[in-house]
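Engineer: In UniProt numbering, the protein residues as written are 1 to 765.
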Amino acid sequence: MSNSERKRREALIYHAKPQPGKIKVVPTKRYTTQRDLSLAYSPGVAEPCLEIAKDKKNVYKYTTKGNLVAVITNGTAVLGLGDIGPEASKPVMEGKGLLFKIFADIDVFDIEVDAKDIDKFVETVKNIAPTFGGINLEDIKAPEAFEIERRLVEELDIPVMHDDQHGTAIISSAALINALEIADKKIEDVRFAVSGAGSAAVSCMNLYIALGAKLENIAMFDADGLLHKGRTDLSPMQARFRTSKHYDSLAHAMEGADVFLGLSVGNIVTAEMLRSMAHDPIVFAMANPTPEISYEKAIASREDIIMATGRSDHPNQVNNVLGFPFIFRGALDVRATKINEAMKMAAVKALAELAKEPVPEQVNIAYGETKLTFGKDYIIPKPFDPRLIAKIPPAIAKAAMDSGVATEPIEDWAKYEDELLHRLGADNKIIRLLHKRARTNPKRIVFAEADHLDVLKAAQYVYDEGIAIPILLGNEKIIRELSEELEFEGNVQIIDPKKNEQKAKRKHYAEIYWESRKRKGVSMLDAKSKMRERNYFAAMMVNEGDADGLISGYSRSYPTVVKPMLELIGTAKGVKKVATTNLMITERGPMFLADTSINIDPSARELAKIAHMTALTVKMFGLEPNIAMLSYSNFGSSDHERAKKVDEAVTYLHKYHPEINVDGAVQSDFALNKEMLAEKFPFSKLAGKEVNTLVFPNLDAANITYKLMKELNKADSIGPIMLGMSKPVHILQLGASVDEIINMAAVAVIDAQEKEKWQQRKEEM
Numbered sequence: 001m002s003n004s005e006r007k008r009r010e011a012l013i014y015h016a017k018p019q020p021g022k023i024k025v026v027p028t029k030r031y032t033t034q035r036d037l038s039l040a041y042s043p044g045v046a047e048p049c050l051e052i053a054k055d056k057k058n059v060y061k062y063t064t065k066g067n068l069v070a071v072i073t074n075g076t077a078v079l080g081l082g083d084i085g086p087e088a089s090k091p092v093m094e095g096k097g098l099l100f101k102i103f104a105d106i107d108v109f110d111i112e113v114d115a116k117d118i119d120k121f122v123e124t125v126k127n128i129a130p131t132f133g134g135i136n137l138e139d140i141k142a143p144e145a146f147e148i149e150r151r152l153v154e155e156l157d158i159p160v161m162h163d164d165q166h167g168t169a170i171i172s173s174a175a176l177i178n179a180l181e182i183a184d185k186k187i188e189d190v191r192f193a194v195s196g197a198g199s200a201a202v203s204c205m206n207l208y209i210a211l212g213a214k215l216e217n218i219a220m221f222d223a224d225g226l227l228h229k230g231r232t233d234l235s236p237m238q239a240r241f242r243t244s245k246h247y248d249s250l251a252h253a254m255e256g257a258d259v260f261l262g263l264s265v266g267n268i269v270t271a272e273m274l275r276s277m278a279h280d281p282i283v284f285a286m287a288n289p290t291p292e293i294s295y296e297k298a299i300a301s302r303e304d305i306i307m308a309t310g311r312s313d314h315p316n317q318v319n320n321v322l323g324f325p326f327i328f329r330g331a332l333d334v335r336a337t338k339i340n341e342a343m344k345m346a347a348v349k350a351l352a353e354l355a356k357e358p359v360p361e362q363v364n365i366a367y368g369e370t371k372l373t374f375g376k377d378y379i380i381p382k383p384f385d386p387r388l389i390a391k392i393p394p395a396i397a398k399a400a401m402d403s404g405v406a407t408e409p410i411e412d413w414a415k416y417e418d419e420l421l422h423r424l425g426a427d428n429k430i431i432r433l434l435h436k437r438a439r440t441n442p443k444r445i446v447f448a449e450a451d452h453l454d455v456l457k458a459a460q461y462v463y464d465e466g467i468a469i470p471i472l473l474g475n476e477k478i479i480r481e482l483s484e485e486l487e488f489e490g491n492v493q494i495i496d497p498k499k500n501e502q503k504a505k506r507k508h509y510a511e512i513y514w515e516s517r518k519r520k521g522v523s524m525l526d527a528k529s530k531m532r533e534r535n536y537f538a539a540m541m542v543n544e545g546d547a548d549g550l551i552s553g554y555s556r557s558y559p560t561v562v563k564p565m566l567e568l569i570g571t572a573k574g575v576k577k578v579a580t581t582n583l584m585i586t587e588r589g590p591m592f593l594a595d596t597s598i599n600i601d602p603s604a605r606e607l608a609k610i611a612h613m614t615a616l617t618v619k620m621f622g623l624e625p626n627i628a629m630l631s632y633s634n635f636g637s638s639d640h641e642r643a644k645k646v647d648e649a650v651t652y653l654h655k656y657h658p659e660i661n662v663d664g665a666v667q668s669d670f671a672l673n674k675e676m677l678a679e680k681f682p683f684s685k686l687a688g689k690e691v692n693t694l695v696f697p698n699l700d701a702a703n704i705t706y707k708l709m710k711e712l713n714k715a716d717s718i719g720p721i722m723l724g725m726s727k728p729v730h731i732l733q734l735g736a737s738v739d740e741i742i743n744m745a746a747v748a749v750i751d752a753q754e755k756e757k758w759q760q761r762k763e764e765m
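Below, the structure is given as structure tokens:
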């Protein structure tokens with residue numbers, strides 16, 4: 001099976017399994033008792049109906065309207081696929097709904113309308129508009145898209161935006177502002193060469209003109225050539241860009257131009273065309289998936305180029321997800337009657353300003369950067385930047401209020417920002433960041449139980465996604481049979497430790513192992529025998545540099561797998577006892593729990609060390625640890641030795657690690673309720689802070705809690721993450737799911753990346 005066919009099959013399975021589609025409706029109220037049902041429907045539902053009948057504004061008080069957006073299309077311009085019809089467009093609209101939810105916590109109904117006629121389409125949307133707080137028009141072909149949006153904006157009293165037009169315009173405008181600043185050019189002076197004259201290109205140039213670009217400095221091309229004064233085949237929106245200047249071709253127009261904007265087709269611009277442009281040229285090659293000129297070819301053509309594309313694998317991605325979720329979020333939150341030019345311009349300026357602010361370490365880590373700073377390779381924020389939700393919606397809301405289209409103005413901006421940050425607590429952004437970071441520098445990870453179907457599925461995923469370079473360990477015959485069943489193809493190393501071809505390697509590993517353990521009762525015969533066991537063999541691979549990390553434990557008990565790791569790999573310098581932490585993806589955000597797997601009843605000093613190692617791991621994920629040392633008592637309220645142990649651990653941490661934000665002993669409810677903690681214990685280092693790390697007094701408490709959270713709350717879990725090992729070794733829970741194995745593989749990669757950096761720094765000293 002070819003790579004393209006495998007990707008096609010994978011995409012189809014993703015959309016079809018385990019249930020068709022990508023979004024669903026879930027209840028937000030209780031529904032367990034007869035009383036609940038009588039309130040949800042008849043007779044209780046009559047009361048809010050009557051209140052809304054008295055005043056239509058009450059619909060926002062009693063229904064989901066205020067957080068509900070319709071993503072609407074007629075399927076006439078779907079992605080690069082063209083007019084494929086409303087049914088075929090539905091997967092795209094569901095995908096847009098998914099992005100609305102995960103980036104801005106906005107609920108979506110996707111609606112596919114079988115109407116190409118403008119009047120019919122507009123009438124349909126107007127008839128269903130009372131259901132929604134906003135309308136996102138999507139994948140409607142030009143020129144109809146212009147007229148449809150214009151009419152709906154005029155005739156409806158809720159926000160309406162055609163994202164294909166304005167999304168790219170807003171994001172690229174922010175990039176343009178910053179690129180011009182870096183190039184030390186003024187927008188009113190620069191000359192533009194534009195490839196493409198569809199809705200996105202026209203909207204981009206309209207917004208650039210609003211920023212100060214001169215119409216006479218624009219040369220726009222469509223498939224038939226230059227938009228010149230003699231053209232009579234243009235829509236009214238395109239006709240604005242007809243020029244009296246003469247250009248034989250796009251190449252001619254690019255000679256001496258300052259800015260190239262591409263929203264057309266791939267590979268139509270050459271290196272020679274870029275070299276003909278003015279000094280410090282700004283090149284936005286945004287055709288997807290293939291830009292008008294590849295990033296590699298463009299930056300090789302000249303050193304002074306400032307470039308953006310629509311791709312995520314290059315700097316400066318012009319991605320609409322930087323705009324539409326946050327624009328609608330701000331508009332909904334002030335109940336704006338429309339999305340006007342002032343609001344779009346506010347989004348442009350907020351995005352441009354955000355790129356100049358110091359980048360959170362979490363973003364640097366996710367993108368594998370030492371330090372992202374404003375410059376040629378960073379002119380717009382990254383899509384995973386957690387500041388977007390708190391930066392863009394307030395700018396939109398303020399612009400709506402200032403321009404008179406907000407019907408529910410915001411008064412407490414600090415409270416509003418806090419609400420925005422809390423909206424994203426339940427999403428899996430941390431997992432996306434985890435995978436993104438692993439891809440920046442994938443490492444060789446041994447899957448020590450690759451002859452199990454779920455383990456092999458996980459290995460296939462990390463291979464296909466570039467998260468890791470898997471090494472498959474186990475029974476070769478079974479691995480190959482399962483690989484054929486999964487259609488897992490690729491240049492992947494398979495090792496069966498028991499086969500004759502590994503005899504020399506087993507002997508070599510056994511000699512090294514025996515040399516290190518001969519005074520601890522291990523004979524050479526024992527050593528040779530151990531090297532036939534996958535976990536011993538895998539550990540030696542990591543020890544000897546034949547792999548960068550390993551994961552195991554899917555089919556064996558935790559103690560069985562830990563033993564060879566401690567014997568062969570051992571702890572990091574200064575660490576006497578290893579520990580584990582589990583990262584739980586909860587409704588309030590990521591939460592680290594330690595120690596969940598190893599230390600049964602740690603001493604005060606060991607508990608302090610566990611907290612310190614966990615803090616380092618939290619920072620590895622780009623988060624600032626706020627650590628609560630849990631107990632049944634609060635800050636010395638009990639003299640029992642179990643409570644005093646936690647108090648002593650906190651005292652040690654405050655003395656020797658004052659840089660860590662940690663406190664206790666504290667009960668779990670106080671730890672998780674920052675208002676209650678601040679009221680009762682204002683002296684605490686945790687007062688007013690969001691705790692994201694819980695250190696438990698013993699293994700019973702930690703392990704039981706994490707498994708309860710996982711099963712009762714269906715919280716995703718990453719872990720147990722090993723703390724204190726000298727090399728990247730991570731042990732799965734027995735029977736871990738495919739997703740859990742994938743996430744642990746990503747953790748192993750990041751662990752290897754961190755240890756590699758530490759070794760490099762050590763060598764440089």
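Ideal Cβ positions, reconstructed from N, Cα and C, are used throughout, including at glycine. Bear in mind the structure is a predicted one, so any value in this text is a computation, not a measurement.
Measure the C-alpha to C-alpha separation of Phe326 and Ala406 and round it to an integer number of angstroms.
Structural biologist: As a working mapping, residue 326 is identified with position 326 in the sequence shown. As a working mapping, residue 406 is identified with position 406 in the sequence shown. Each residue's Cα considered, the two are about 16 Å apart.
Engineer: Would you mind sorting Val26 into buried or exposed? The rule is 16 or more other CB atoms within 10 Å of its CB.
Structural biologist: Within the sequence shown, numbered from 1, the residue matching residue 26 stands at position 26. Val26 comes out exposed.
Engineer: If we ignore side chains and look at the alpha-carbon of each, how far apart do Lys674 and Lys689 end up?
Structural biologist: Stepping through the sequence shown from its first residue, residue 674 is reached at position 674. Stepping through the sequence shown from its first residue, residue 689 is reached at position 689. Distance between the alpha carbons of Lys674 and Lys689 is about 6 Å.
Engineer: What did DSSP end up calling Phe447 once you bin it into helix, strand or coil?
Structural biologist: Here the question's residue 447 lines up with position 447 in the sequence shown. Here Phe447 sits in strand by DSSP.
Engineer: In three-state terms, what does DSSP make of Thr290?
Structural biologist: Counting from 1 along the sequence shown, the entry for residue 290 is found at position 290. Thr290 falls in the coil class under three-state DSSP.
Engineer: To which residues of the same chain is Arg444 closer than 7 Å at the C-beta, ignoring the five residues directly before and after it?
Structural biologist: As a working mapping, residue 444 is identified with position 444 in the sequence shown. For Arg444, where only same-chain residues beyond five positions count, the Cβ hits under 7 Å are Ile469, Ile471, Ala547 and Asp548.
Engineer: Bridge partners for Thr243 per DSSP, in chain order?
Structural biologist: By 1-based counting over the sequence shown, the position of residue 243 is 243. For Thr243, which the question treats as bridged, DSSP gives the partners His228.
Engineer: Quick check: Ala346 and Ala395, are their CB atoms within less than 8 Å of each other?
Structural biologist: Counting from one through the sequence shown, the residue named residue 346 turns up at place 346. Counting from one through the sequence shown, the residue named residue 395 turns up at place 395. Against a cut-off of 8 Å, the Cβ pair of Ala395 and Ala346 comes out as a contact.
Engineer: Near Gly310, which residues of its chain fall below 6 Å by C-beta distance, leaving aside the five closest residues on each side in sequence?
Structural biologist: As a working note, residue 310 is residue 310 in the sequence shown. Excluding residues within five positions, the ones whose Cβ falls inside 6 Å are Met286, Asn288 and Val318.
Engineer: Just reading off the alpha helix (DSSP H) that Ser173 is part of, what are its end residues?
Structural biologist: Locating residue 173 in the sequence shown gives position 173, where the first residue counts as 1. Where Ser173 is concerned, the enclosing alpha helix (DSSP H) stretches over Asp163 to Ala183.
Engineer: Starting from Met722 and walking both ways along the beta strand (DSSP E), at which residues does that stretch end?
Structural biologist: As a first step, residue 722 is located in the sequence shown; it is residue number 722 there, counting from the start. It spans Asp716 to Leu723 - the beta strand (DSSP E) in which Met722 sits, taken as one unbroken run.
Engineer: Whose C-alpha, out of Phe621, Thr581 and Pro393, is nearest the C-alpha of Leu607?
Structural biologist: For the purposes of this step, residue 607 is taken as the residue at position 607 of the sequence shown. Comparing Cα positions, the closest option is Thr581.
Engineer: Please look up how many angstroms separate the CB atoms of Thr614 and Ala594, rounded, as I've assumed it's under 8 Å.
Structural biologist: Within the sequence shown, the letter at position 614 stands for residue 614. Within the sequence shown, the letter at position 594 stands for residue 594. Contact holds; Cβ gap of about 4 Å.
Engineer: Spatial neighbours of Asn698 within its chain, please: C-beta separation below 6 Å, excluding the five flanking residues on both sides.
Structural biologist: As a first step, residue 698 is located in the sequence shown; it is residue number 698 there, counting from the start. Cβ neighbours of Asn698 beyond the five flanking positions: Asp601.
Engineer: Could you tell me the alpha carbon to alpha carbon distance between Pro383 and Leu732, rounded to whole angstroms?
Structural biologist: Indexing the sequence shown from 1 puts residue 383 at position 383. Indexing the sequence shown from 1 puts residue 732 at position 732. The straight-line gap from Cα to Cα measures roughly 31 Å.
Engineer: Using the C-alpha atoms, what's the distance from Asn217 back to Leu250?
Structural biologist: The sequence position of residue 250 within the sequence shown is 250, counting from 1. The sequence position of residue 217 within the sequence shown is 217, counting from 1. If you take the alpha carbons of Leu250 and Asn217, they lie about 14 Å apart.
Engineer: Measuring straight from C-alpha to C-alpha, what distance separates Ala278 and Arg191?
Structural biologist: Position 278 of the sequence shown, counting from 1, holds the residue named residue 278. Position 191 of the sequence shown, counting from 1, holds the residue named residue 191. The C-alpha of Ala278 lies about 9 Å from the C-alpha of Arg191.
Engineer: Let me know the secondary structure DSSP gives Leu12 once reduced to three states.
Structural biologist: By one-based count along the sequence shown, residue 12 stands at place 12. Reduced to three states, the DSSP call for Leu12 is helix.
Engineer: Are three or more beta carbon pairs between the stretch 148-157 and the stretch 173-182 nearer than 8 Å?
Structural biologist: Contact between the stretch 148-157 and the stretch 173-182 is absent: fewer than three C-beta pairs spanning the two stretches fall below 8 Å.
Engineer: If the criterion is Cβ atoms closer than 8 Å, does the pair Ile170 and Lys436 meet it?
Structural biologist: On the sequence shown, residue 170 is found 170 positions in, with the first residue counted as 1. On the sequence shown, residue 436 is found 436 positions in, with the first residue counted as 1. It is not a contact, given that the beta carbons lie outside the stated cut-off.
Engineer: Provide the residue span of the beta strand (DSSP E) that contains Glu587, from first to last.
Structural biologist: Stepping through the sequence shown from its first residue, residue 587 is reached at position 587. Looking at the DSSP string, Glu587 is not in any beta strand (DSSP E), and its letter there is neither H nor E.
Engineer: Identify every run of the beta strand (DSSP E) within the UniProt domain "Malic enzyme N-terminal" (20-153), keeping only runs that are complete inside it and at least 3 residues long; order them along the chain.
Structural biologist: 68-73, 107-112 and 134-137
Engineer: When DSSP labels each residue in this structure, what does Asp639 get in the three-state scheme?
Structural biologist: For the purposes of this step, residue 639 is identified with residue 639 of the sequence shown, where counting begins at 1. Here Asp639 sits in coil by DSSP.
Engineer: Need the endpoints of the alpha helix (DSSP H) that Asp700 sits in, please.
Structural biologist: By 1-based counting over the sequence shown, the position of residue 700 is 700. Leu699 to Leu712 is the span of the alpha helix (DSSP H), which, as asked, contains Asp700.
Engineer: If you draw a straight line from the alpha carbon of Asp157 to that of Lys685, how long is it in whole angstroms?
Structural biologist: Locating residue 157 in the sequence shown gives position 157, counting from the first residue. Locating residue 685 in the sequence shown gives position 685, counting from the first residue. Taking the straight line from one Cα to the other gives about 48 Å.
Engineer: From Leu211 to Asp258, what does the alpha carbon distance come to, in whole angstroms?
Structural biologist: Position 211 of the sequence shown, counted from the first residue, corresponds to residue 211. Position 258 of the sequence shown, counted from the first residue, corresponds to residue 258. Between Leu211 and Asp258, the C-alpha separation is close to 16 Å.
Engineer: Going by DSSP, what residue range makes up the beta strand (DSSP E) through Val729?
Structural biologist: Looking up residue 729 in the sequence shown gives position 729. Start and end: Val729 to Ile731.
Engineer: State the Cα-Cα distance for the pair Ala145 and Ser203, rounded to the nearest angstrom.
Structural biologist: If you number the sequence shown from 1, residue 145 lands on position 145. If you number the sequence shown from 1, residue 203 lands on position 203. Taking the straight line joining both Cα atoms gives about 11 Å.
Engineer: Between which two residues does the alpha helix (DSSP H) holding Phe488 run?
Structural biologist: Mapped onto the sequence shown, residue 488 falls at position 488. Looking at the DSSP string, Phe488 is not in any alpha helix (DSSP H), and its letter there is neither H nor E.
Engineer: Taking the C-alpha atoms as reference points, what is the distance between Glu711 and Ala611?
Structural biologist: Residue 711 sits at position 711 when you count from the first residue of the sequence shown. Residue 611 sits at position 611 when you count from the first residue of the sequence shown. The straight-line gap from Cα to Cα measures roughly 25 Å.
Engineer: Going by DSSP, which residues form a beta bridge with Tyr378?
Structural biologist: Position 378 of the sequence shown holds residue 378. Its beta-bridge partners are Gly375.
Engineer: Report the residue from Ile551, Thr33, Tyr62 and Glu10 whose alpha carbon sits nearest the alpha carbon of Ala46.
Structural biologist: Your numbering for residue 46 matches position 46 in the sequence shown. Measuring from the Cα of Ala46, the nearest candidate turns out to be Tyr62.
Engineer: Would the beta-carbon of Asn535 fall within 8 Å of that of Ser552?
Structural biologist: As a working note, residue 535 is residue 535 in the sequence shown. As a working note, residue 552 is residue 552 in the sequence shown. For Asn535 and Ser552, yes; Cβs fall inside 8 Å.
Engineer: Using DSSP's beta-bridge definition, name the partner residues of Asp222.
Structural biologist: Position 222 of the sequence shown, counting from 1, holds the residue named residue 222. Partner(s): Gly225.
Engineer: Could you tell me which uninterrupted beta strand (DSSP E) segments, each at least 3 residues in length, are contained entirely in the stretch 501-569, listed from first to last along the chain?
Structural biologist: 549-552
Engineer: Keeping to the same chain, check which residues put their C-beta closer than 6 Å to that of Phe221; ignore five residues upstream and five downstream.
Structural biologist: As a working note, residue 221 is residue 221 in the sequence shown. Answer for Phe221: Ser195 and Leu250, listed in chain order.
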